[in-house]
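These notes are about the structure you will find just below.
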Amino acid sequence: MSYTLLHLMIEFLLIGTFSFGGGMATIPFLFNLADKYTWFTRNELVDMIAISEVTPGPIGVNMATYVGMKSRGVLGSLVSILSLTFPAIIVMMFAYKYLLKNRSLIVDKAFYGLKPVVLALFASGLYSVMKETLFTLDGGFHLNLFEDVLFIVIFAVSMKFKKIHPTLLILASGAIGALKYFIMR
1229 MSYTLLHLMI EFLLIGTFSF GGGMATIPFL FNLADKYTWF TRNELVDMIA ISEVTPGPIG
1289 VNMATYVGMK SRGVLGSLVS ILSLTFPAII VMMFAYKYLL KNRSLIVDKA FYGLKPVVLA
1349 LFASGLYSVM KETLFTLDGG FHLNLFEDVL FIVIFAVSMK FKKIHPTLLI LASGAIGALK
1409 YFIMR
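For what it's worth, the working numbering labels the leading residue of the sequence shown as 1229, then goes sequentially.
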């Protein structure tokens, strides 16, 4: 097994073990990987998150696939996916066999204690994505006006018209971004 494959396996085993709360909880870990290795940049990670959000399947698995493919091809993708999902499979088998069948006050308190961790990881991921996409540090601080206005408009529309399906908001944002690209080219 090559050095990179071993690193992919170890890193995604760690991510799979400690990212409680689903795919969004993997984001802080992935920003750390972007800083630690040359597999992908922070900008590529933001693009990867956007693509993972609009493609079918769990976001964490989609991102593991991307990182593995970019660093070591198909074999890297397989190693990343299996390493990411292995801890969850083990935990779910253990949870079903021992915890959920014989639910007790201790188990309930343990699950209650995990809620702040999940919220903190989710908030950290949200902060990291917002920092990378809405603000630019380029010798000084300034806002990305187009992206910030689009964010505010889409957020306001989603709050005002709660019945609009998120897919429509995603498609509208993508269309507006593509239109901006073709106009500004």
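Just so you know, even glycine gets a beta-carbon here, dropped at the ideal spot from N, CA and C.
Quiz item: Whose CA, out of F1257, F1246, L1303 and S1386, lies closest to the CA of T1232?
Solution: As a working mapping, residue 1232 is identified with position 4 in the sequence shown. Out of F1257, F1246, L1303 and S1386, L1303 has the C-alpha closest to the C-alpha of T1232.
Practice problem: Identify whether M1235 lies in helix, strand or coil by the three-state DSSP scheme. | Solution: For the purposes of this step, residue 1235 is taken as the residue at position 7 of the sequence shown. A small fix is needed here, since residue 1235 is His in this sequence, not Met. The answer is helix: DSSP assigns H1235 an H, G or I state.
Self-check item: Beta-carbon separation (whole angstroms), T1269 vs A1278, contact threshold 8 Å
Solution: Counted from its first residue, the sequence shown places residue 1269 at position 41. Counted from its first residue, the sequence shown places residue 1278 at position 50. The pair is not a contact, with the Cβ atoms about 14 Å apart (cut-off 8 Å).
Quiz prompt | P1256 (DSSP reduced to helix, strand or coil) | solution = Start at 1 with the first residue of the sequence shown, and residue 1256 comes out as number 28. Note: P1256 maps to helix in three-state DSSP.
Quiz prompt | The alpha helix (DSSP H) enclosing R1300, as first and last residue numbers | solution = Taking the sequence shown and counting its residues from 1, one reaches residue 1300 at position 72. Taken as a continuous stretch (DSSP letters only), the alpha helix (DSSP H) holding R1300 covers I1287 to F1322.
Practice problem: Please confirm whether S1356 and P1286 have their CB atoms less than 8 Å apart. | Solution: Taking the first residue of the sequence shown as position 1, residue 1356 is located at position 128. Taking the first residue of the sequence shown as position 1, residue 1286 is located at position 58. Result no, Cβ atoms of S1356 and P1286 do not sit closer than 8 Å.
Quiz item: So what does DSSP say about Y1265, is it helix, strand or coil?
Solution: By 1-based counting over the sequence shown, the position of residue 1265 is 37. Correct three-state label for Y1265: coil.
Self-check item: Inter-residue Cα distance where the pair is P1344 and G1301
Solution: Position 116 of the sequence shown, counting from 1, holds the residue named residue 1344. Position 73 of the sequence shown, counting from 1, holds the residue named residue 1301. Approximately 36 Å between the Cα atoms of the pair.
Quiz item: What are the boundary residues of the alpha helix (DSSP H) that S1280 is part of?
Solution: Walking along the sequence shown from the start, residue 1280 turns up at place 52. First-last of the alpha helix (DSSP H) with S1280: R1270 to V1282.
Exercise. Quick one: using the 10 Å Cβ neighbour count with 16 as the cut-off for buried, is M1239 buried or exposed?
Key: Residue 1239 sits at position 11 when you count from the first residue of the sequence shown. The displayed chain sequence assigns Glu, not Met, to residue 1239. Answer is buried; the Cβ neighbour count reaches 16.
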